[in-house]
Amino acid sequence: MTEERHALGRRQAGLLIAALMLATALTALDVTIVGTALPTIVGSLGGAELYAWSVTTYLLTSTVTVPLYGRLADIYGRKPIFNVGLVVFLIGSLACGLAATMDQLIAFRAVQGIGAGALLPMGMTIIGDTFTVAERARVQAFVVSVWGTSSVIGPAAGAAIVSYLPWGWVFLINIPVGLVALVMLGANYHETVVRRSRSIDIAGVVSLSACVSVLMYAFEIGFRAEGLGLLALAGGVLLLFVVIERRASDPIVPMAILLRPVIGVGYLASVILGAVQFGVSSFVPLFVQGAMGGTAASVGAVVTPMAIGWPLGAIISGRLIVQHGYRRVLIAGMAAVAVGSASLLRLNAQSSLGEVFIAVGVIGLGMGLTNPPIVIAFQNAVDWGQRGIATSLGQFFRTIGGALVVALMGAILNLELAWRMGTDAASDAGTIVSHLLDPAARSVLGPDVATRAQDALASALWDILLIPAALGVLGFLVILRAFPAGSVTQLAATAQNDPGTRAAG
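For the sequence shown, the positions run 131 to 635 when the numbering used here is used.
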């Protein structure tokens, strides 16, 4: 396989970027719109006990398929893999829109997730193949801005759809948007791929999928005996996966590229950034509503500063990378993430929303500063034949870090609530907190129980916010101490001359 950059006219480049932004919007809006519409969907289909599975199944399938798509893209090219992922996503969307039971919806959400796993990593890889380093960060900023916009308009769009249309349109609306993206990409992106015979690492795919699935389920269960047993099982499957990959002729995760400092440290930073991002966006709104007594409107606005800060940071990052190299920009970004995460520990029941917005906005700015240099560093550290898997693994590790830390924080929160409120089970404490968060049900608790529950929730949430704060500091230290220095050109040249990297393909 060889890399060939095709000179794009201004109009053609703009249409290609628009196609990638539309595809990114599909996955971004699917998360935010569906999250808002789920209560209505459950009310229509029944099966409230399966509520979480409609989200977990999508997250699981969209995560475990990412490395496979990356490897396939390095064999067959980016365009066919992107198209396959988009078509599968649209088929899943159509099926979800026509689902008649919660069981069907969960199964079709799994299909959606299988398709979604290709869209963002393939989009970033296409950007890496098509644009120069100087252009790449700016284009990534456009794509990243879609996530910020989606997090703001998604909840409102979901509420509007279920208010004025049948809930199935939450999913069916994806189809015309996806078809437009498919046509635009087909007309404006062309690649030259010289294929050579390669085997698909089926054993690696199966063992990696099993490890991730067991690990995520273990964290969902928490610190009960079953959860600890599943953690041990996941560790065993992980060891098996490493053995399989070391022996495979064409491994799904080439171990050699993990040993490169730019990539290995970058993946570790991706895990940390994903953990901070998901941890903050999942639990800070709960702190605002449960501990600070915020309204539904204020809770919905909590993540808006992150959505604004992220694309702003990405735009700034794009201007700085070529001049100052990856490392300085990453250090600045990680410092912002660490400061913003640590600032959350100053919050208490009497804090103002302004304090929350500033902390979350600084975190978003840091995320925006770090994302482009990390992705570009992955792409420049390998040749064309490894760029798909290198980019995809960055997204994979980021998602895994986020999913695992959210599950861990949730498990600790349940244990702390049960302990602080003196209940026998986390479910009892959870019921009380649910009443606390529902204005209509809060009166059932009585003033004394409500006050005690609010104090317990505030203390427990403060404790678990120590996790993203500590991880933010750790991420800063990792980049400061371990990420190699050098300009973009120097690090790319070093990567191309590294025999271990070439062997990894």
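Yeah, the Cβ is synthetic: ideal placement off N, Cα and C, and Gly gets one too. All figures in this text were calculated on a predicted structure; none of them were measured in a lab.
Environment of residue i [buried if 16+ CB atoms lie within 10 Å]
{"i": "Leu610", "result": "exposed"}
{"i": "Tyr294", "result": "exposed"}
{"i": "Ser643", "result": "Absent from the structure is residue 643, since the part of the chain shown begins at 131 and ends at 635."}
{"i": "Thr195", "result": "buried"}
{"i": "Glu356", "result": "exposed"}
{"i": "Leu146", "result": "buried"}
{"i": "Met464", "result": "buried"}
{"i": "Asp578", "result": "exposed"}
{"i": "Val373", "result": "exposed"}
{"i": "Ala541", "result": "buried"}
{"i": "Ala612", "result": "exposed"}
{"i": "Trp549", "result": "exposed"}
{"i": "Leu249", "result": "buried"}
{"i": "Ser275", "result": "buried"}
{"i": "Ser482", "result": "exposed"}
{"i": "Ala158", "result": "buried"}
{"i": "Ala555", "result": "With a pLDDT of only 49 at Ala555, under the threshold of 50, the placement of this residue in the model should not be trusted; the figure read from the coordinates follows. With fewer than 16 other Cβ atoms within 10 Å, it is exposed."}
{"i": "Gly366", "result": "exposed"}
{"i": "Thr581", "result": "exposed"}
{"i": "Ala271", "result": "buried"}
Nearest neighbour of residue i, chosen from the options [CA to CA]
{"i": "Gly518", "options": "Gly176, Arg201, Leu152 and Ser174", "result": "Arg201"}
{"i": "Leu180", "options": "Asp204, Leu224, Ile236 and Asn213", "result": "Ile236"}
{"i": "Asn213", "options": "Leu607, Gly316 and Ile506", "result": "Gly316"}
{"i": "Ala149", "options": "Leu302, Leu312, Leu368 and Asp331", "result": "Leu312"}
{"i": "Arg390", "options": "Ala520, Thr157, Asn304 and Ala431", "result": "Ala520"}
{"i": "Gly605", "options": "Val395, Leu596 and Leu168", "result": "Val395"}
{"i": "Leu156", "options": "Gly365, Ile291, Leu220 and Phe261", "result": "Leu220"}
{"i": "Ala431", "options": "Ile283, Ala203, Gly253 and His320", "result": "Ile283"}
{"i": "Val164", "options": "Gly334, Val263, Ala290 and Tyr199", "result": "Ala290"}
{"i": "Leu152", "options": "Ala229, Gly540, Asn304 and Val469", "result": "Asn304"}
{"i": "Gly247", "options": "Ile332, Val172 and Thr154", "result": "Thr154"}
{"i": "Phe109", "options": "Gly298, Val269, Ile402 and Gly602", "result": "No statement about residue 109 is possible, as the shown extent of the chain runs from 131 to 635 and does not include it."}
{"i": "Ala267", "options": "Glu375, Gly243, Leu450 and Thr425", "result": "Leu450"}
{"i": "Phe261", "options": "Glu485, Gly448 and Gly524", "result": "Gly448"}
{"i": "Val263", "options": "Met314, Gly245 and Ile506", "result": "Ile506"}
{"i": "Pro384", "options": "Ala541, Gly515 and Asp593", "result": "Gly515"}
{"i": "Asp259", "options": "Leu309, Ala271, Ala203 and Val241", "result": "Ala203"}
{"i": "Arg141", "options": "Val603, Ala468 and Tyr319", "result": "Tyr319"}
{"i": "Gly173", "options": "Val269, Ser280 and Val292", "result": "Val292"}
{"i": "Trp277", "options": "Val608, Thr162, Gly404 and Leu416", "result": "Thr162"}
{"i": "Leu416", "options": "Gly177, Asp160 and Val486", "result": "Val486"}
{"i": "Gly484", "options": "Met422, Val452 and Ile530", "result": "Met422"}
{"i": "Met346", "options": "Glu265, Gly139 and Thr186", "result": "Thr186"}
{"i": "Asp160", "options": "Ser280, Leu607 and Arg354", "result": "Ser280"}
{"i": "Pro614", "options": "Val269, Ile594 and Val392", "result": "Val392"}
{"i": "Trp592", "options": "Arg354, Ile488 and Phe413", "result": "Phe413"}
{"i": "Leu168", "options": "Ile488, Arg376 and Trp299", "result": "Trp299"}
{"i": "Val269", "options": "Gly144, Ile205, Gly139 and Ile530", "result": "Gly144"}
Sub-7 Å separation of residue i and residue j beta-carbons
{"i": "Ala551", "j": "Val490", "result": "Correcting the residue type first, residue 551 is Met in the shown sequence and not Ala. It is not a contact, given that the beta carbons lie outside the stated cut-off."}
{"i": "Leu175", "j": "Met232", "result": "yes"}
{"i": "Pro197", "j": "Ser522", "result": "yes"}
{"i": "Val344", "j": "Leu363", "result": "yes"}
{"i": "Thr166", "j": "Pro285", "result": "yes"}
{"i": "Leu543", "j": "Ala586", "result": "no"}
{"i": "Gly215", "j": "Glu321", "result": "no"}
{"i": "Arg528", "j": "Ser428", "result": "no"}
{"i": "Ser329", "j": "Arg239", "result": "no"}
{"i": "Asp331", "j": "Pro251", "result": "no"}
{"i": "Ser471", "j": "Ala583", "result": "no"}
{"i": "Gly245", "j": "Val218", "result": "yes"}
{"i": "Gly420", "j": "Ala466", "result": "no"}
{"i": "Ala479", "j": "Ala590", "result": "no"}
{"i": "Leu360", "j": "Ala378", "result": "no"}
{"i": "Val418", "j": "Gly424", "result": "yes"}
{"i": "Gly532", "j": "Gly404", "result": "yes"}
{"i": "Gly602", "j": "Ala462", "result": "no"}
{"i": "Val608", "j": "Leu398", "result": "yes"}
{"i": "Cys341", "j": "Phe371", "result": "yes"}
Residue i Cβ short of 6 Å to the ligand FAD heavy atom set
{"i": "Ile438", "result": "In the structure shown, the ligand FAD is absent, as is every other ligand, since no ligand is present at all."}
Three CB pairs or more closer than 8 Å across the region 472–484 and the region 440–449 = no
Taking three-plus beta-carbon pairs below 8 Å as touching, is the region 216–232 in contact with the region 480–496?
-> no
Looking at C-beta atoms only, is the number of pairs between the region 452–468 and the region 501–518 that lie closer than 8 Å three or more?
-> yes
Can you find at least 3 beta carbon pairs, one from the region 397–409 and one from the region 530–543, that sit closer than 8 Å?
-> yes
Contact between the region 246–257 and the region 327–337: three or more CB pairs below 8 Å?
-> Because the criterion of three Cβ pairs below 8 Å is not met, the region 246–257 and the region 327–337 do not touch.
Are the region 444–452 and the region 496–504 touching, with three or more C-beta to C-beta distances below 8 Å?
-> yes
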